[in-house]
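Engineer: Count along the sequence shown starting at 1, add 521, and that's the number in our numbering. If you scroll down you'll find the structure; I have some questions about it.
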Amino acid sequence: MSASDPVANLQALIRCPSVTPAEGGALSALEAMLTPLGFVVERMVASEPGTPDIENLYARLGTEGPHLMFAGHTDVVPTGDEASWSHPPFAAAIDGDMLYGRGAVDMKGGIACFVAAVARHIEKHGPPKGSISFLITGDEEGPAVNGTEKLLKWAADKGERWDACLVGEPTNPDRLGDMIKIGRRGSVSGRVTVHGVQGHAAYPHLADNPVRGLLPLAQALMDPPFDGGTPEFPASNLEVTSVDVGNPATNVIPAKATFAFNIRFNDTWTADSVKAEILRRMETAAVSSPLRPDREPVRFEVVWAERPNHVFLTRNNGLIASLSGAVESVTGKTPALSTTGGTSDARFIKDYCPVVEFGLVGQTMHMIDERVALADLETLTQIYGTFISRWFDNALLS
Ligand SMILES: [Zn+2]
């Protein structure tokens, strides 16, 4: 079977029920496409106490540089109520001009198209003058501790080096060609506990209400804005995501109150500097709260969530121009270069090589009736193929 048809590739992948953490046959199906193309395929199982073992795949074609990596995941989110689907979620049914199934756009579709693009490139030009690799995890939609991060380290420890990476996540909001992602905001979360003194609500002078301490602290984090945005990024934004006192009594001043927050920050900040700013704001608010006149400063502590997600921005012009030029030549549209949205596995890859993201239209991802237009699969395959040619031409020149 030739792997040059993205529709056939995608059907084979969707028919493997690879809901995280199950491999479901999806990596084996991918291996069966890549091996005949000449890829050396390795399977790597990652483990961590307290989490399920995860199967991952690394495949490389060629031994020389320049080296282009395609990264993605074959795991999918649960189907939800299967009876609500128009077609069974793992049947890969074609209805009219649409292909239905879990993972159709997020992101077995992206993988199917990149495989097809590589197959066509080999048919037309022979193997690339350099190397192409697939770095595919089964742990993106889950806790992501046994996925891309470990797989990258495992490959790098064996001596693998990459010059650039394309992540095939769905990046287009409405139509193919809308948007390339060239960076991602960082994310930091924390939980603040404010300590007070428990007492009778009728005798507040004998107590110290932690809610009076919590309010100015939370306010100070939400206003004023952290910044006004940068040329490449929207403004950083902090949301208080939970406020918890857990006090069922109306006549009791509670002993403590807590709140949680999450900030999505741009390249004005690092994870450390944004944490310092958050602390500074709360320390200032703690001594000057009008809700607690003539009181000692608010006593509080912050517990930061493990492992912040660092902000990154790719400035590799050759990579961005190859991709955006490919999108333009196939679709006639100039894609926006965006840094919006949540985090992605690109946050791990950026420590190894420049990384950009481009894939299908994301509208139905994670939904009932996830589906992709057959025409989009063909178009994305052509975009990826043009990108591969342009990227190698560019990398071999420089
Ligand atoms: Zn995804």
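No residue lacks a Cβ here, since even glycine has one placed at the ideal position from N, Cα and C. Keep in mind the model is a prediction, meaning the values are calculated, not measured.
Spell out the partners DSSP gives THR658 in its beta bridges.
Structural biologist: The count along the sequence shown starts at 1 and reaches residue 658 at position 137. BP columns for THR658 point to HIS594.
Engineer: Under DSSP, the beta strand (DSSP E) around GLY846 begins and ends at which residues?
Structural biologist: If you number the sequence shown from 1, residue 846 lands on position 325. Run containing GLY846: none in the beta strand (DSSP E); it sits in the alpha helix (DSSP H), 838-852.
Engineer: So, helix, strand or coil for ALA807, using DSSP?
Structural biologist: Taking the first residue of the sequence shown as position 1, residue 807 is located at position 286. DSSP places ALA807 in helix when its eight states are reduced to three.
Engineer: Classify LEU578 as helix, strand or coil using the three-state DSSP reduction.
Structural biologist: Taking the sequence shown and counting its residues from 1, one reaches residue 578 at position 57. It is a strand residue.
Engineer: Could you give the distance in angstroms between the alpha-carbon of PHE591 and the alpha-carbon of GLY659?
Structural biologist: What you label residue 591 is simply residue 70 of the sequence shown in a count that begins at 1. What you label residue 659 is simply residue 138 of the sequence shown in a count that begins at 1. For PHE591 and GLY659, the distance between alpha carbons rounds to 15 angstroms.
Engineer: Is the CB-CB distance between VAL848 and ALA625 below 9 angstroms?
Structural biologist: Position 327 of the sequence shown, counting from 1, holds the residue named residue 848. Position 104 of the sequence shown, counting from 1, holds the residue named residue 625. Against a cut-off of 9 angstroms, the Cβ pair of ALA625 and VAL848 comes out as no contact.
Engineer: Within 10 angstroms of its Cβ, does LEU918 collect 16 or more other Cβ (buried), or is it exposed?
Structural biologist: As a working mapping, residue 918 is identified with position 397 in the sequence shown. Burial call: exposed.
Engineer: Which residues does DSSP pair with MET700 in a beta bridge?
Structural biologist: One-based indexing of the sequence shown puts residue 700 at position 179. Answer by DSSP bridge pairing, in chain order: ALA857.
Engineer: What's the C-alpha gap between THR860 and LEU727?
Structural biologist: The sequence position of residue 860 within the sequence shown is 339, counting from 1. The sequence position of residue 727 within the sequence shown is 206, counting from 1. Those two C-alpha atoms are separated by around 51 angstroms.
Engineer: Can we count GLU662 as close to ligand 1, meaning its CB is less than 8 angstroms from some heavy atom?
Structural biologist: Residue 662 sits at position 141 when you count from the first residue of the sequence shown. Yes, since a heavy atom of ligand 1 falls inside the 8 angstroms radius drawn around the Cβ of GLU662.
Engineer: Check whether the region 889-905 and the region 613-629 are in contact - that is, three or more C-beta pairs closer than 8 angstroms.
Structural biologist: As far as the Cβ criterion goes, the region 889-905 touches the region 613-629, which means the pair count is three or higher.
Engineer: Can you tell which of ALA567, VAL851 and TRP606 has the C-alpha that lies nearest to the C-alpha of ALA543?
Structural biologist: Here residue 543 corresponds to residue number 22 of the sequence shown, with the count starting at 1. The shortest Cα separation from ALA543 among ALA567, VAL851 and TRP606 belongs to ALA567.
Engineer: Since GLY631 contacts GLY593 with CB under 8 angstroms, what's their CB separation in whole angstroms?
Structural biologist: Within the sequence shown, numbered from 1, the residue matching residue 631 stands at position 110. Within the sequence shown, numbered from 1, the residue matching residue 593 stands at position 72. Going by Cβ atoms, the distance from GLY631 to GLY593 rounds to 6 angstroms, so yes, they are a contact pair.
Engineer: Along the chain, where does the alpha helix (DSSP H) that runs through ARG564 open and close?
Structural biologist: Walking along the sequence shown from the start, residue 564 turns up at place 43. Here ARG564 belongs to no alpha helix (DSSP H); instead the beta strand (DSSP E) covers 561-569.
Engineer: At a threshold of 8 angstroms, does PRO691 count as lining ligand 1 (C-beta to nearest heavy atom)?
Structural biologist: The residue labelled residue 691 in the question sits at position 170 within the sequence shown. Yes, Cβ of PRO691 sits closer than 8 angstroms to a heavy atom of ligand 1.
Engineer: Checking the sheet assignment: what are the DSSP bridge partners for ALA723?
Structural biologist: If you number the sequence shown from 1, residue 723 lands on position 202. ALA723 is not bridged to any residue.
Engineer: For VAL876, which of helix, strand or coil comes out of DSSP?
Structural biologist: By one-based count along the sequence shown, residue 876 stands at place 355. In this structure, VAL876 counts as strand in the three-state DSSP scheme.
Engineer: Roughly how many angstroms lie between the CA atoms of ASP574 and GLY853, to the nearest whole one?
Structural biologist: Position 53 of the sequence shown, counting from 1, holds the residue named residue 574. Position 332 of the sequence shown, counting from 1, holds the residue named residue 853. When rounded, the distance between both Cα atoms is 44 angstroms.
Engineer: Tell me where the alpha helix (DSSP H) around THR902 begins and ends.
Structural biologist: Here residue 902 is taken as the residue at index 381 of the sequence shown, counted from 1. It spans 895-918 - the alpha helix (DSSP H) in which THR902 sits, taken as one unbroken run.
Engineer: Using C-beta distances below 6 angstroms, list every residue in its chain close to PHE560, excluding the 5 sequence neighbours before and after it, in chain order.
Structural biologist: For the purposes of this step, residue 560 is taken as residue 39 along the sequence shown, with counting starting at 1. Result list for PHE560: ALA580 and LEU582, in chain order.
Engineer: Confirm, please, whether the CB-CB distance from ALA638 to THR902 is below 9 angstroms.
Structural biologist: Translated into the one-based positions of the sequence shown, residue 902 becomes position 381. Translated into the one-based positions of the sequence shown, residue 638 becomes position 117. The answer is yes: Cβ separation under 9 angstroms.
Engineer: Pairs of beta-carbons, one from the region 774-788 and one from the region 690-703, closer than 8 angstroms: are there three or more?
Structural biologist: These segments do not touch.
Engineer: Comparing alpha-carbon positions, which option in GLY546, ASN730, PRO755 and LEU844 lies nearest ASP914?
Structural biologist: Here residue 914 is taken as the residue at index 393 of the sequence shown, counted from 1. The residue with the shortest Cα to Cα distance from ASP914 is LEU844.
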